[in-house]
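Numbering (numbering that gives the first Met the number 0), first residue to last: 0 to 435.
The beta carbon of each residue, even a glycine, is placed where N, CA and C say it ideally should be.
As the structure is a prediction and not an experimental result, all values here were calculated from the model.
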Amino acid sequence: MTERAETTTCPAATFDDLLALRPDVVRCPYSAYAAQRDSEPVTHNEQLGAWVVTRHEDVLDVLRDATRFSNRMASGPSSVSSIAQQILQNDEIPERTRRQAARRIELSKSRVLLFSDPPLHKRQRSLVNAAFTPRRVAELDGAVKELTNQLIDNFASDGPTDIVAAFSMPIPMTVIATLLGVPPSHMATFKDWSNAFTRGVGALSHDIDAIIEIFDQVDAFYDYFTEELDHRREHPVDDLLSDLLAARLDGEAPLTLPELLQMLVQFLVAGNETTTNLLTSAVWTLAKDPQLQNTLRQDPSKLTNFLDEVLRLEPPVQGIWRVAVDDVEIGGTHVPADGLIYLVTGSANRDPEVYTQPDDLDLDESRPRHLTFGRGEHSCLGMNLAKMESKAALTVLLERCHDIALADPGQDVTFHRSFVLHGIESLPLTMSTTSD
Ligand code: HEM
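Structural data, given as structure tokens:
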């Protein structure tokens with residue numbers, strides 16, 4: 000079964016329009032990608048200060064080579080961490096914020112998972128794989144279904160429901176908080192922390208008041224988990240934090256406190272926003288297509304392919320950063336040593352060299368695997384968790400909610416202002432809901 004996706008309505012635009020965060024291009028960047036893929040598949044973008052790679056083959060080659068391509072700038076050119084450096088030198092910024100920035104810089108000196116390279120990365124990944132077990136993921140399936148049922152019970156009965164606030168946001172947040180042992184009473188604070196870490200991603204400039212707030216939240220996160228880790232060290236329980244503290248490789252030292260804190264940040268950031276955006280894009284796709292809702296309701300076994308197609312067509316993370324270790328060729332183009340590289344997975348996933356009818360959502364055909372979770376040594380640690388969560392949540396949603404539709408079909412959907420993280424801010428929907 001083939002459904003046409005959004006691309007036909009993507010505006011004709013350039014990559015620079017996307018970097019300027021033009022709302023219609025942020026919403027639908029795929030024509031801009033296609034134009035660049037056709038004309039300059041590997042090219043240096045001045046504004047970004049990076050080499051932009053858009054063909055599937057080239058993106059995959061780089062992802063598979065963790066030796067020649069480093070992850071040392073994995074959050075891109077203008078992350079909050081790099082802004083922390085500027086804050087330190089700015090006397091107009093309150094002393095407290097500068098102290099917080101210094102703490103962040105200090106912690107980020109220990110390179111962890113997403114930001115580390117072999118051989119350190121291999122050691123960390125083995126330690127974390129031992130704690131992040133398939134058992135731990137599988138155990139959460141029932142809890143996600145139960146939570147989804149509770150959330151649907153609270154959907155508005157007399158008007159539209161914003162599916163982001165009522166469904167897509169609380170599910171991943173609760174799952175990751177449960178994994179990290181955060182009690183329900185801390186949930187709102189936990190979400191604020193998560194927002195603080197993602198606010199800086201994928202924008203090339205930042206407002207100073209926002210930065211001050213971000214650093215307050217980030218600091219509170221570090222304080223909270225330093226205490227929690229201290230407590231688990233004395234009183235271990237059956238949870239991820241205790242397992243991370245206990246994780247050892249033969250003859251090697253345990254993870255240090257900075258390493259542990261940086262890991263927890265990555266679980267929080269990677270585990271929340273991305274999965275929220277996947278869930279919203281999935282429901283958005285369904286809301287625009289009643290036939291698709293029926294197909295999936297009648298044959299839930301197609302849900303896995305559906306989610307993979309949503310991941311391919313609307314990746315919550317549109318691109319991945321690398322740095323060239325030495326002079327190197329990518330797709331025949333010379334990239335100098337230390338060159339920052341932006342691998343546009345959102346473009347690679349629609350490369351016609353690899354996918355037939357690349358802009359169509361295809362439930363039946365077994366598509367070549369998309370690059371939305373990356374590939375190679377750094378491929379997403381939480382992939383199975385994200386897939387389990389979204390499948391469980393959508394199964395319940397489709398069972399209990401019928402005639403899912405956009406509350407105002409004429410209204411444009413607004414996306415977060417980022418060229419990297421791709422997600423809808425709010426999505427008011429109407430539907431009829433059956434009881435559990
Ligand atoms: C739809 C949801 C998700 C998407 C699209 C996504 C995407 C990605 C991508 C593209 C990477 C590779 C980055 C690179 O190669 O530099 C990655 C890595 C990672 N992801 Fe996810 N992710 C998702 C969910 C999660 C969840 C739920 C977690 C929970 C813990 C998680 C934790 C991580 C971590 C720790 C890494 C770093 C792995 C490493 O460098 O070894 N992700 N993710």
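{"Query": "Cα-Cα separation, ASN348 to ALA164", "Result": "28 Å"}
{"Query": "Contacting residues, own chain, Cβ-Cβ under 7 Å from LEU47 (five flanking each side not counted)", "Result": "LEU18, PRO76 and TYR341"}
{"Query": "Contacting residues, own chain, Cβ-Cβ under 7 Å from PHE14 (five flanking each side not counted)", "Result": "ALA31, GLN35, ASN44 and VAL51"}
{"Query": "From SER184, SER365 and GLY345, residue whose alpha carbon lies closest to that of PHE305", "Result": "SER365"}
{"Query": "PHE131 beta carbon near ligand 1 (any heavy atom closer than 8 Å)", "Result": "yes"}
{"Query": "Cα-Cα separation, VAL282 to ALA155", "Result": "17 Å"}
{"Query": "Neighbourhood of SER115 by C-beta, 7 Å cutoff - its chain only, sequence neighbours within 5 removed", "Result": "ASN70 and GLN123"}
{"Query": "From ASP326, LEU295 and ARG26, residue whose alpha carbon lies closest to that of ARG416", "Result": "ARG26"}
{"Query": "Option in LEU396, HIS421 and ARG95 with minimal Cα separation from PHE214", "Result": "ARG95"}
{"Query": "Assumed close pair ILE170, LEU302 - CB separation to whole angstroms, cut-off 8 Å", "Result": "ILE170 to LEU302, Cβ: 15 Å. No contact."}
{"Query": "Exposure of PRO357, with buried meaning 16 or more beta-carbon neighbours within 10 Å", "Result": "buried"}
{"Query": "Three CB pairs or more closer than 8 Å across the segment 399 to 411 and the segment 279 to 298", "Result": "yes"}
{"Query": "7 Å CB neighbourhood of ALA449 in its chain, flanking five on each side removed", "Result": "With the chain covering 0 to 435 only, the question about residue 449 has no answer from this structure."}
{"Query": "Whether GLY270 touches ASP64 by CB criterion (9 Å)", "Result": "no"}
{"Query": "Whole-Å CB distance - TYR221 paired with ARG67, under 8 Å assumed", "Result": "Incorrect: roughly 34 Å between the Cβ atoms, too far for contact."}
{"Query": "Contained alpha helix (DSSP H) runs [length at least 4] in the segment 137 to 178, N- to C-terminal order", "Result": "140 to 152 and 169 to 178"}
{"Query": "Same chain only: Cβ atoms within 7 Å of VAL309, ignoring 5 sequence neighbours per side", "Result": "LEU277, SER280, ALA281 and THR284"}
{"Query": "Separation of SER346 from ALA11, as counted between CA atoms", "Result": "15 Å"}
{"Query": "7 Å Cβ shell around GLU388 - same chain, five flanking residues per side excluded", "Result": "VAL143, ILE170, PRO171, VAL174 and THR274"}
{"Query": "Between the CA atoms of GLU424 and VAL127 - distance to the nearest angstrom", "Result": "32 Å"}
{"Query": "Collapsed DSSP secondary structure at ASN44 in the structure displayed", "Result": "strand"}
{"Query": "Contact under 9 Å by Cβ, LEU179 with ASP90", "Result": "no"}
{"Query": "Minimum C-alpha distance to VAL264 - residue among VAL236, ALA219 and GLN297", "Result": "ALA219"}
{"Query": "Contact test: SER417 Cβ vs ligand 1 heavy atom, cutoff 8 Å", "Result": "no"}
{"Query": "Run of the beta strand (DSSP E) containing ILE340, from where it starts to where it stops", "Result": "339 to 342"}
{"Query": "Cβ shell of ASP435 (< 6 Å), same chain only, five flanking positions each side left out", "Result": "ASN148"}
{"Query": "Contact test: THR284 Cβ vs ligand 1 heavy atom, cutoff 8 Å", "Result": "no"}
{"Query": "Residues of its chain near LEU20, where Cβ-Cβ distance is below 8 Å and the 5 sequence neighbours each way are ignored", "Result": "ALA202, ARG416, SER417 and PHE418"}
{"Query": "CB contact flag (VAL343, GLY318, <9 Å)", "Result": "yes"}
{"Query": "Cβ-Cβ distance between LEU106 and PRO257 below 9 Å", "Result": "yes"}
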